[in-house]
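Chains as they are written, first to last, in this note's numbering: chain Y, 71 to 697; chain F, 1245 to 1830. Backbone N, C-alpha and C fix where the C-beta goes; we use that ideal spot for every residue, glycine too. A quick write-up on the structure given underneath.
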C-alpha cells in the first residue's frame, strides 16, 4: 500500500494540456465508446435496418417519376433500359386493381412511397438517437460517479474548471459526434443506393460523374483546412473580446477611478478590429466555397445531357434514365459537402473522447480497509495521534512525528504559522489522504481500519470556505439525511444564531440558495455551516476558522455559536482569533510540522516559548487593548 | 417590430451601398440559376427528339453556372461583410457607452446581462443582416423568378401548384417556433447540468467530508436524465420536421406527375419541361420552408435591437463639466456641507445632512455597521456617485467643478472589493499610468507589504493574476489594490475597508508605514477594527446615514457611546447583553 499511494502522489496531471492524438478516426476510442452503446444494440440494429429501407424509398421517388411516368407511361417504352425495382409492374397492377389511368396510379404510388419514406426515416432517426442518448447518459453518469469519488489528493492537483468540462463540453461533443455520424449515415446510405442504380443504368456516365467527386473532395478538404485555422482565430478573437469586456465591466470602478476609459476603448478597438479581420476573411472563403459546391451540381447537369444524349441515340439509355441521373445529382454530391461540414466536429469529438477516457482512467483512490471495524452507536470522542509522519510528496515532509491525545469533550486550539501543517493534520483525521507512517486512533481504533464513510459521519468539518449547495436552506442544513426533520433543522439554526437572518429572508427556510451561496454574506454562510454540523451532531468537530475580519455584529454571533457548537464535543480548532484560543482547553503549537508546545493558554504564555512569541506578534494589537 | 429595427438605421447607413448592391446582385444570380432548368428542358427535349445538337443547352448551362458562381460569391460577400461591419460598430458603441455608466446603472443591470447584450444581441443583429437579408432576398427573387419561368412554361400547371404553398409557410413557421422552444429547453437543461457539475466539483471536499457522494450521484442522475429527455424531445421535433417538411414539395410533385403528365401526353408540355417544372418547384418551395425562420430572425433581431438601444441611448451617469476655477493641484482640505443622498429607486436616504471638515494632513477613521453610509460617503468625494452640487468641496472648490480625471487621480480611492485584472501584477499596480518607473512600483509594493509576496513568485512583477494565472489570497489581493492606490501618492487617500482580509500584524505595519509616508497628506479610512481606528486624528461613527459620533479615541471612549461599546466588545468579547444591545436576533 505504501508504494501504491506514493506512486499515486507522484502522478503528474500536467497531461491536462498534453497534446491529444488528434486523429479524425481513432478506432480504439470508438471501440471503447461502443461499450456504453452495447446495452442499446438492439435499438441500434433496428435503426440500421430502417435506414436501408428509408434510403431505398427515397431513391424510389425519382425512379417513379423518370422510369414509370416518363419512360413507361408517357413514352410508352416497352423495354425498360433503366432498373425500375419493380415499380413499373406495381404501377400497372395498381392501375388495373383500381381501374384508373396509369398516371393516377403513379400519383398514388408516389404518395405511398413518400409516406413510407417519411415514416421509416423518422423511425430510423429516433431509434438511432434514443440509443445514443441513453448510452451517453450512462457514460456521463459513470464519469460523474468516477469524479465524485476521487480523493482530495486528486483535486489538489487539478483545476476544477478543466475537470468539469469533461462532464459537460466533452460529453456534449460526443453527442455532436454521434449526431454527425447519424447525419453521415443518412447521407451516405442513399448515396450508395443511388450509385448502385446509376451503375446499373450506365457505367460510363456514372464513372464520369464520379470524377467530379475527387475534385469536390479536395476542394472541400482545402477549404476545411483553411477555415479550421480561421475559425480558430475567429473563436479566439471572440473570446478575447468577451473577456476584455467582461473584465472591464467587473472592474469598471477601478477603470473610472484610474481614468482609463479612453485607453481601454482603444485596446478594445484593436481586439475588435482583429475579430473583424478574421470574420471578413472567413466570410470571403465561405462565400466562395458555398457558390462552388452549388456550381458543381449544375455543371454535372450539363455533362449528363451531353453524354446522356449520345447514349440515348445509340440506344444505351432511355430518356427516363437520363432524367433519373439529373435527379440523383444531389444525392451524389451532397454527402461530400456534409462530410466536409462534419470533419471539424469529428476532430473535436475525437479529442473530447480521448479526454473523457483519460478522466475515467484516473484511478487514484483512498484505500479502504478490507475488513472495516463497525463503530459503536456513539463514540466517546478520544483522538490520539501517534508518531505521525506525512508528506503530500514523498520528499517533502509536512508532518514530523506528531504525537498527542485529545480527551473526549476537550477543545483543542491549533496555532502555528502558515504552512506549519495545521490543515494537513485535520485532513488526515478525516482520512482525505492515505498515510502509513504513524497512526491516528479514534477511541482507540486505528483510523486505517475504519471505512472513510463511517469515519466522516462522525467528524463534522467546517472549512474556511464552506460549500453551499444549491437548494433550500433547510436542504442545506439537513443534507439529505432523513433523520433530520425540519423542526430539528430550525432548532439547530436557532442554537447557532442563524435563525435570525434566515427568518428575515422572504421564504425563510425554503429560500433557494444560489450556486455557491452568493446570496449570503460570508458571516451568514459560516453560521449556516455551523447549523449543518450541529444538526448532524457528530462526535468530533473540526473547524478551520475564517481569517477575514467580519463586522463586529456578525463576529459576535459566530463566537457565540462556536461556543454552543463545541459544548461537550471533542473539538479541534485551527484558530486565528484570540478569543477562540482563550476559550480552548488546551493549545497545540505547530511549527514546521512538529508539535512544539502543548498546554493551556496561561501555561504556554508563562513558559515564554514559541507560543509567547507568536501570541505577542499575531495578537499585538488585540493585546494592547487587554493591557 | 419594424420600429425597433429602424433604430439600427444609423448603424446600417454607412454600408447601404455595399448591402444594396449585394441584394441587387442576388437577383441576377437567381436569374442565372433559373436559366439552368430551362436549358436542361431544351436539352432533354432535343435528346428525346433524337436531335443531338446539344451545344446550346450544354454551353448555356456552363455559362449560367459561371455567371451564377461569380455573382453569388460577390453578392454573399457584400451582404455578409455588411453584417460583420455593423456588428463591429455596435460593439464599439456599446463598449464606449458602458464605460461611462456608474453605480446606479449597475444596480439595475448585471454584468451577465450586459455580456448577453454584447454577445448574443449583437450576434442576432449580425445574423439578421448577413443571413436574414439573404434569405429574404432569395425568398422574394426565387418566388418571382421561379414563378415567372413556370408561368411561361405552363400557366395552368403553375396555378394548380399555388394552393399548397401557404401551408408550407404556416407549417414552417409553426415548426420553427417548436424548434426554438425545444432548443431553449435543451440549453436550459445543459446549463443546469453544468451548474450541477460545477457546484459538485468545487464543493467536493465538503461533499466527501459530509459523506454526500451517493446522494449527489443519485441527484445527478435526475439532472442527467432531464437533459437527455430534453435532448430527445428536440431530436424528435427536428426529425419530424425533416420527415414532413418535404410533404408539400411531394404534393407538388404528385400534381406535376398527374396533371403535368397528362399535359405531356396531350402534347401541351414536353418531357423536358416536366423535369424543369420539378426543379422550379424545388426552387420555389425551398425558400418557403425557411420563411418561418426568416420571420423569427427578424423578430429576435428586433428584440435584440431594443435591448441594445436601451443601453446605447443612456447618457453618462456622471457629467464631466469642469468650470476652470479648480486649482490644478489639490492640497487636501475637504468640506462637506449638508450632504444628503438617496440612491435612485430607494426611499430611505443613504446619507442625511452630513457636515464635515477635514483639514489637510488629517487621518480620519470611519466606523459603523454594514449599511450605515460609509462607502456612500467616500464615493461622493470622487464622484463615483452623482454628488449634488454645492455639497462637497475640496480646497474650497465644489467637486463638480473639477475635471473628473483630475479629481479621481488626486483623490485616490481604494475600493472595498479588491478587484484585480487578469493581467501581470505590474500592469495592475500601474493601472492608472502604465509608464510608471520600476522603483516607484516596488516602493508602493513595499509600503503595502506586498514586496515579499511578489518576490516569492517566480515571475515576480510579471506574474499574471486571476483565473488564468496565480490565484491570490484575499489578503494578497487587498494589499495589491492598496499598492495600486498608494503608487499614486495622491494628496488625498481614501481606503474603504481595505484591511478586512489582512491580518492585524500586517495591518499595523502598513498603517505605521502610511503615517510616515503621508505626513501632511489627508487620509480617510473605513474599518471594522478599533485597533485600526484608534490612532487616527479623528474617528467618525456613522449610523443610518448620519455621523453620530466624532472625536479622538480618548474622547469617544469617555463619551461612552457606540464607539466605546464597540471597543469593549472587541477587547473583551461579547456577553449575553450585547446581543440585545446590537439588536441581533438570537
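- When the five nearest sequence neighbours on each side are left out, no beta carbon in the same chain lies closer than 7 Å to the beta carbon of residue 225/Y.
- Note that the C-beta distance between residue 1483/F and residue 203/Y is not below 7 Å.
- In this chain, the beta strand (DSSP E) harbouring residue 471/Y covers 469-476.
- For residue 338/Y, the nearest beta carbon of chain F is closer than 7 Å to its own beta carbon.
- The C-beta of residue 1326/F comes no closer than 7 Å to any C-beta of chain Y.
- The C-beta of residue 1708/F comes no closer than 7 Å to any C-beta of chain Y.
- For the region 1475-1500 of chain F, the beta-carbon criterion of a distance under 9 Å to any beta-carbon of chain Y is satisfied by 1475, 1476, 1479, 1480, 1482, 1483, 1484, 1486, 1487, 1488, 1490, 1491, 1494, 1495, 1497, 1498, 1499 and 1500.
- Looking at 1760/F, 1262/F and 1785/F, the one whose alpha-carbon comes closest to that of residue 1770/F is 1785/F.
- Within 7 Å of the CB of residue 328/Y, the CB atoms of chain F belong to 1675 and 1676, in sequence order along the chain.
- Our two residues, residue 1475/F and residue 128/Y, have alpha carbons roughly 27 Å apart in a direct line.
- Close to residue 182/Y, with beta-carbon spacing below 9 Å, lies no residue of chain F; the smallest spacing is near 11 Å.
- Using a Cβ-Cβ distance cut-off of 8 Å, the region 1336-1356 of chain F and the region 278-294 of chain Y are not in contact, since fewer than three pairs of beta carbons, one from each stretch, lie closer than that value.
- Residue environment: residue 524/Y is assigned as exposed (fewer than 16 neighbouring CB atoms within 10 Å of its CB, all protein chains considered).
- At least one CB of chain F lies nearer than 7 Å to the CB of residue 540/Y.
- Those residues of the region 302-316 of chain Y placed with their C-beta closer than 9 Å to a C-beta in chain F are 308, 311, 312, 313, 314, 315 and 316, ordered along the chain.
- Identification of residues in the region 1359-1383 of chain F having a C-beta nearer than 7 Å to some C-beta of chain Y yields 1359, 1362 and 1363, given in sequence order.
- Excluding sequence positions up to five before and after residue 1411/F, its CB lies within less than 7 Å of the CB of 1492, all in the same chain and listed in chain order.
- Cβ atoms of residue 568/Y and residue 544/Y stay farther apart than 8 Å, at about 12 Å.
- With contacts defined by Cβ atoms closer than 7 Å, residue 453/Y and residue 476/Y form a contacting pair.
- In this structure, residue 666/Y places its C-beta atom within 7 Å of the C-beta atom of residue 680/Y.
- Residues 204, 205 and 208 of the same chain have their beta carbon placed closer than 8 Å to that of residue 109/Y, with the five preceding and five following residues left out of the count.
- Put simply, the CB of residue 365/Y is near chain F, with a gap under 7 Å to one of its CB atoms.
- Within the same chain, and ignoring the five residues on either side of residue 1704/F in sequence, the residues whose Cβ sits closer than 7 Å to its Cβ are 1698.
- Residue 240/Y counts as buried, since no fewer than 16 other beta carbons sit within 10 angstroms of its beta carbon.
- DSSP places residue 1252/F outside any alpha helix (DSSP H), giving it a letter other than H or E.
- Cβ-Cβ distances below 6 Å link residue 1277/F to 1312 in the same chain, with the five nearest sequence neighbours on each side left out; the list follows chain order.
- Per DSSP, residue 1582/F is one residue of the beta strand (DSSP E) stretching across 1578-1585.
- Its chain contains 497, 502 and 503 as the residues whose beta carbon lies nearer than 8 Å to that of residue 222/Y, once the 5 sequence neighbours on both sides are disregarded; these appear in chain order.
- For a Cβ distance threshold of 9 Å, residue set 323, 326 and 327 of chain Y lies close to residue 1628/F, ordered along the chain.
- The C-beta distance from residue 145/Y to residue 409/Y rounds to 37 Å, too long to meet the 8 Å contact threshold.
- Residue 1536/F has a beta carbon lying at 7 Å or more from every beta carbon in chain Y.
- Among the residues of the region 1249-1275 of chain F, none has a Cβ less than 7 Å away from any Cβ of chain Y.
- With a cut-off of 8 Å on Cβ pairs, the region 1548-1565 of chain F is not in contact with the region 1574-1581 of chain F, counting fewer than three such pairs.
- Residue 368/Y places its beta carbon less than 7 Å from that of residue 1309/F.
- Note that the C-beta distance between residue 450/Y and residue 513/Y is below 7 Å.
- Not a single C-beta of chain Y is nearer than 7 Å to the C-beta of residue 1517/F.
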